[in-house]
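Following: one structure in C-alpha cells, then a few remarks.
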Amino acid sequence: MEKPGANFYEQVYAVVRRVPRGKVTSYGRIANILGHPNAARAVGYALNALKDKPDDPTFAPVPWQRVVNSQGRISIVNREHGANVQAQILRSEGVVVSEELKINLKVYLWEGLNLEEIEEVLRGG
DNA sequence: ACAGTGACAACAT
DNA sequence: TATGTTGCCACTG
0 MEKPGANFYE QVYAVVRRVP RGKVTSYGRI ANILGHPNAA RAVGYALNAL KDKPDDPTFA
60 PVPWQRVVNS QGRISIVNRE HGANVQAQIL RSEGVVVSEE LKINLKVYLW EGLNLEEIEE
120 VLRGG
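If you read the first sequence in numbering that gives the first Met the number 0, its first letter stands for residue 0, the second for the next number, and so on.
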C-alpha cells in the first residue's frame with residue numbers, strides 16, 4: 000500500500016494518461032472525474048509535481064500538456080525560443096492554439112470517461 | 001499540528 | 001473582456 004494522500008496524485012496521472020492525442024481537458028474536469036469537484040487546484044499541484052518524477056523508469060509518462068484551465072486557456076508560462084512550450088507541444092499533436100494561448104473547447108475538449116472507466120482508474124489503473 | 005503554497009474555478013465588479 | 005476576490009484541496013516543511 001501507499002500513503003493515502005499520495006494516491007490522489009496517482010489517480011490524477013491515471014486520468015491524464017487517458018486523454019488522447021489531439022484532445023484536451025481541464026483541471027476541474029479531472030477533479031470532478033475523481034470525485035473531488037472542488038480540488039481543481041490540487042490537480043494542478045499534482046501535475047506540477049511531475050517535475051520530480053520522470054526519473055523513475057517504472058513511472059509511465061503523463062501527457063500533462065493536454066490539461067488546460069476551464070476557459071480552454073493554457074495556465075503555464077514556460078517559454079522557450081519566445082513561444083509557450085505547452086502550446087508548441089499541443090500544436091504538434093494537432094490542436095489549434097491561438098496566439099493568446101486559447102483553445103476552442105467546442106472542438107478539442109476530451110469527452111471524458113464513462114462510469115466503468117472511472118472505477119477502473121480509481122482502482123489504480 | 002499548522003500555516004503556507006499553487007499549472008484552479010466561480011463569481012463580482 | 002478584464003481584473004480582483006474568495007473558496008477549495010492535497011501536499012510540504
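Think of the CB as a built atom: it goes at the ideal place given N, C-alpha and C, for glycine as much as any other residue.
Residue range of the unbroken alpha helix (DSSP H) whose run includes residue i
i, result
"Val42", "39-47"
"Lys105", "104-107"
"Ile73", "Premise fails: Ile73 is in no alpha helix (DSSP H) and is neither H nor E."
"Gln85", "84-91"
Buried or exposed (CB count within 10 angstroms, at least 16 for buried), residue i
i, result
"Glu76", "Before going on, a small fix: residue 76 reads as Val here, not Glu. With fewer than 16 Cβ atoms within 10 Å of its Cβ, Val76 is classed as exposed."
"Gly71", "buried"
"Thr24", "buried"
"Arg28", "buried"
"Val15", "buried"
"Gly43", "buried"
Cut-off 6 Å between Cβ atoms - residues of its own chain near residue i, not counting five sequence neighbours on either side
i, result
"Trp109", "Val18, Lys22, Thr24"
Sequence-distant residues of the same chain with beta carbon closer than 7 Å to residue i, five excluded per side
i, result
"Leu49", "Val61, Trp63"
Within 8 Å, strictly: CB atoms of residue i and residue j
i, j, result
"Val96", "Ala13", "no"
"Ile73", "Ala86", "yes"
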